[in-house]
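Same order as they appear, the protein sequences are chains V and L. Residue numbers for the first sequence follow the UniProt record's numbering, beginning at 1 and rising by one. Residue numbers for the second sequence follow the UniProt record's numbering, beginning at 1 and rising by one. Virtual Cβ for every residue (Gly too), placed ideally from N, Cα, C. Source: prediction; values computed, not measured. Structure first, commentary second.
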Amino acid sequence: MGRKLLTEHINVEGIETFDVYRKHGGYRSVEKALKTMTPDEVVEEVKKSGLRGRGGAGFPTGLKWSFLAKPEGVPRYLVCNADESEPGTFKDRQLMSKLPHLLIEGMITGSYALGANTSYIYIRGELLYVLRILEKAIAEAYAAGFLGKNILGSGYDLDLFVHPGGGAYICGEETALLESLEGKRGNPRNKPPFPAVQGLYARPTVVNNVESIAAVPVIVNEGGDEYAKIGVGKSTGTKLFSACGHLNKPGIYEIELGLPVEEFIYSDEYCGGIWKGRDLKAVVAGGSSVPILPKELILKTAAGEDRLMTYESLSDGGFVTGTMLGSGGFIAMDETTSIVRNTWSFARFYHHESCGQCSPCREGTGWLEKVLHRLVHGHGQMHDIDLLVSVAKQIEGNTICPLGEAAAWPVAAAVRHFRDEFEWYVTHPQEATKPGAVYPGKLVTA
Amino acid sequence: MAKITFDGIEIEVPDGTTIMNAARQIGGSIVPPAMCYYTPLKGSGGKCRACLVKVAAGSAKDPRPMPKLVASCITPVQDGMVVENTTNDSVLDVRKGIVEMLLINHPLDCPVCDQAGECDLQNFAFEHGLSTTRYEEERRTFEKIDIGPLIQLHMTRCILCYRCVYTADQIAQGDRVHGVLGRGDAAEIGTYIENIIDNDFSGNVIDVCPVGALTDKTWRFKSRVWFTKPVDAHRDCPKCSGNVVLWYKGNEVLRTTARKDQYGEVKEWICNECRFEKKETSDWTIEGPAHIDRSSVISANHYELPVLNQSVIADLPASTQRELEKNPPLKLGN
């Protein structure tokens, strides 16, 4: 059983209230940081911890913090990205609704480290009930003197606000989030300038995922070096995975990075294997935008080594035989799943969520969806499969923000690994489009 | 100052200049196409991705290449930067892809479109596009929106360059910040533009539109642009500079536009009175034929004073020679 750093007390009765949370060691990091550490020392601890952004890109959080521009007399901001909307990812929602004070504690310590006196939690519009939980928790923190003027007599002031989005996936992209937070249409900005130089209201800003910020109290309490001992190589600490799909025990698991994927899927401690005694067909390891991998490649790398749940191991083999850790949305599919239908479903999502600002993504996401729609409904032709790859390639890398890639990668990967199934939809449209149709395997088309 | 190499040509430009503007200082066919960037409009650019270029070396200090293609219209130059545009095949391939993306939902109704002949998308597609399409689905359509008696909105032709949104915001100042409603390929130009049509400078959205999405209703279906003669003219206008181009067919002024430079960018914004109401030659002081040096069919018709070879003049009939003496050509070539 791995250590649980974030979710140790998640099932304690009343942990969402200030008193219970405090009794279980809450807000120690605020006391420690404000009373015994300088802001730079906190940043240094986070750097030492090797914590990597938990939102998807995996950029080292400490490094991101050290990039923050600090011109004299200009306010700085810490913004928490709680716009979790990636299909398959639902870890932050749980963390915030059960442990709101953990996030608030992380926001206070983080804001202190960055010298921010105003901080924001930008929460997904659909999570209104979580917003209320957070607001209640923030009110409690104000009442207890952990927020507001002169926190714990240290002279440090911090105001924390929760701001709901309108429910757009694109506002999870950090610059679109900032635009939305400023009250504008959530279009991603062109970079550079990066938020660390010109972010919210054109001021230096750090945008971090909920889970990254929630890890800060642990790092401050235990020390960066201690945190870095957990995990493998450059993937340190623990990570929440939201496992869903055809598993016996779907749910949110906090694991120590470095756990073998096979153990995560099949061990009774975690997902407990594939449901109904079926075989695993494919896994999307880090939220819908990362490349899908077939069973052989998710359990073992192309070189035959065990695939581990780390940033490095999951991306071993690049996009040819690897994938990404992403945001930790672990979607398992059993042998009866139609990869083509699933790809269509993902493409439909990205088509719906493209902001429409830059042409490759605006037009390309719709195009991908339409071609996949044709294939799924038995009207596809052989050249449509190559068309998918070609359109995905035209989007990838040519857009303002990563949504273009997020739309292109799953399609390209599905064709890469399951081309025969796409061909089956073209050659056997009547069988393939029957409700509950199951691809009979490579033997039929061969 | 920063020294950069663009397609093998070295040029020194002030710090902060964008790659696009550095290329424009060199000029010629190496200049990346721009479908959304518009120098007079703050914040424009970066959206159409037509001007993507390869930065083979980031700067003298950090000569690593940039991992992705960058939008040249918004990326500032660095000293020692090496940029590849027409010399890089991957850039040209991507540009082909961009043309295809811009065209898949475009109605291609050029035969009935008033913009045809001076359309940026036409020129862009002609230079970089394919003559066929791989798109088999139905093209996108919109509910028709009437935005008043002066400006015609054809949302189906729109490529969402946001130029009109910035114009409405910066030139024809309104109170609202909505320009585009909806998202993805369902995004459309919305209420904001509708609300500015009574503004004195709203007509400028017609000039900035790279396609036929916003056209002049008073000129609608009157003529193809290449059958008209552009003439520079001015008048004493209390609201704007009064410097315009009149587009004649015979003795009739069919429309009035602002003057544009070689990249199709308006030099001086004009007011709606000049644009829509003054349609008589007597309203204007005529300066002479307008020089259109954009790559379009308009310039192909030589509606400018001819460049004459001296030796040819000697062979002309006496009556023509007398005519030429009275109205000498602007330019005399060899």
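Simplified DSSP state of residue i, which is helix, strand or coil
{"i": "L316/L", "result": "coil"}
{"i": "E323/L", "result": "helix"}
{"i": "Q152/L", "result": "strand"}
{"i": "E304/L", "result": "Here E304/L scores only 48 on pLDDT, less than 50, and its place in the model is too uncertain to base an answer on."}
{"i": "D92/V", "result": "helix"}
{"i": "D316/V", "result": "coil"}
{"i": "N208/V", "result": "strand"}
{"i": "V376/V", "result": "helix"}
{"i": "Y425/V", "result": "helix"}
{"i": "P76/L", "result": "strand"}
{"i": "Y162/L", "result": "coil"}
{"i": "V177/L", "result": "The predicted position of V177/L is uncertain, since its pLDDT is 49 and thus under 50; no value can be drawn from it."}
{"i": "P65/L", "result": "coil"}
{"i": "S235/V", "result": "strand"}
{"i": "R275/L", "result": "helix"}
{"i": "Y77/V", "result": "strand"}
{"i": "V211/L", "result": "coil"}
{"i": "P14/L", "result": "coil"}
{"i": "C244/V", "result": "strand"}
{"i": "V31/L", "result": "coil"}
{"i": "G62/V", "result": "helix"}
{"i": "E306/V", "result": "Checking the sequence, you will find Asp at residue 306/V rather than Glu. D306/V falls in the strand class under three-state DSSP."}
{"i": "R134/L", "result": "coil"}
{"i": "E188/L", "result": "strand"}
{"i": "A332/V", "result": "strand"}
{"i": "G277/V", "result": "helix"}
Exposure label - residue i; buried when at least 16 CB within 10 Å
{"i": "L181/L", "result": "exposed"}
{"i": "V177/L", "result": "Low local confidence applies: a pLDDT of 49 at V177/L is under 50, so the model's placement there is unreliable, with the coordinate-based value given in what follows. Classification of V177/L: exposed, given that the 10 Å Cβ count is below 16."}
{"i": "T38/V", "result": "exposed"}
{"i": "G286/L", "result": "For the sequence presented, residue 286/L should be read as Ile rather than Gly. Classification for I286/L: exposed."}
{"i": "P14/L", "result": "exposed"}
{"i": "N85/L", "result": "buried"}
{"i": "L147/V", "result": "buried"}
{"i": "N190/V", "result": "buried"}
{"i": "L160/L", "result": "buried"}
{"i": "Y38/L", "result": "buried"}
{"i": "V320/V", "result": "exposed"}
{"i": "T61/V", "result": "buried"}
{"i": "G16/L", "result": "exposed"}
{"i": "A125/L", "result": "buried"}
{"i": "Q357/V", "result": "buried"}
{"i": "V444/V", "result": "Only weak support is given to the placement of V444/V: the predicted model assigns it a pLDDT of 39, under 50, and the question is left unresolved by the model."}
{"i": "P192/V", "result": "exposed"}
{"i": "F18/V", "result": "buried"}
{"i": "A143/V", "result": "exposed"}
Proximity of residue i and residue j at Cβ, strictly below 9 Å
{"i": "V244/L", "j": "I270/L", "result": "yes"}
{"i": "G326/V", "j": "S289/V", "result": "yes"}
{"i": "A285/V", "j": "L293/V", "result": "yes"}
{"i": "L254/L", "j": "A233/L", "result": "no"}
{"i": "F67/V", "j": "A196/V", "result": "yes"}
{"i": "I339/V", "j": "F418/V", "result": "yes"}
{"i": "V220/V", "j": "E45/V", "result": "yes"}
{"i": "Y112/V", "j": "V79/V", "result": "no"}
{"i": "L63/V", "j": "K47/V", "result": "yes"}
{"i": "A82/V", "j": "R52/V", "result": "no"}
{"i": "A2/L", "j": "E12/L", "result": "yes"}
{"i": "M20/L", "j": "G45/L", "result": "yes"}
{"i": "T238/V", "j": "E222/V", "result": "no"}
{"i": "G186/V", "j": "E179/V", "result": "yes"}
{"i": "L128/V", "j": "V210/V", "result": "no"}
Q) Enumerated in chain order, which unbroken segments of the alpha helix (DSSP H) with a length of 4 residues or greater are wholly contained in the stretch 248–274 of chain V? A) 261–266
Q. According to a CB-to-CB cut-off of less than 9 Å, which residues of the stretch 59–74 of chain L neighbour chain V?
A. P67, K68, L69, A71, I74
(Q) What are the residues in the stretch 400–414 of chain V lying within 7 Å of chain L by C-beta distance? (A) I400
Q. What residues in the stretch 362–380 of chain V have a beta carbon less than 7 Å from any beta carbon of chain L?
A. R362, E363, G364, T365, G366, W367, K370
Q. What alpha helix (DSSP H) runs, 4 residues minimum, are completely inside the stretch 99–186 of chain V?
A. 100–114, 128–143, 174–181
Q.
Please list, in chain order, the residues of the UniProt domain "4Fe-4S His(Cys)3-ligated-type" (90–129) of chain L that have any C-beta partner in chain V closer than 8 Å.
A. V94, G97, I98, E100, M101, L102, I104, N105
Q: Quick one: which unbroken alpha helix (DSSP H) runs of 4-plus residues sit fully inside the stretch 230–259 of chain L? Chain order, please.
A: none
Q: For the stretch 84–114 of chain V, enumerate the residues whose C-beta is nearer than 8 Å to any C-beta of chain L, in chain order.
A: none
Q. Quick one, which residues of the stretch 335–360 of chain V are near chain L if we go by CB-CB under 8 Å, in chain order?
A. H351, H352, E353, S354, C355, G356, Q357, C358, S359, P360
(Q) Please give me, in chain order, every unbroken run of the beta strand (DSSP E) with length at least 3 that falls completely inside the stretch 337–366 of chain V. (A) none
Q) Which residues, in order along the stretch 178–210 of chain V, keep a beta-carbon less than 9 Å from a beta-carbon of chain L? A) G183, K184, R185, G186, N187, R189, N190, P192
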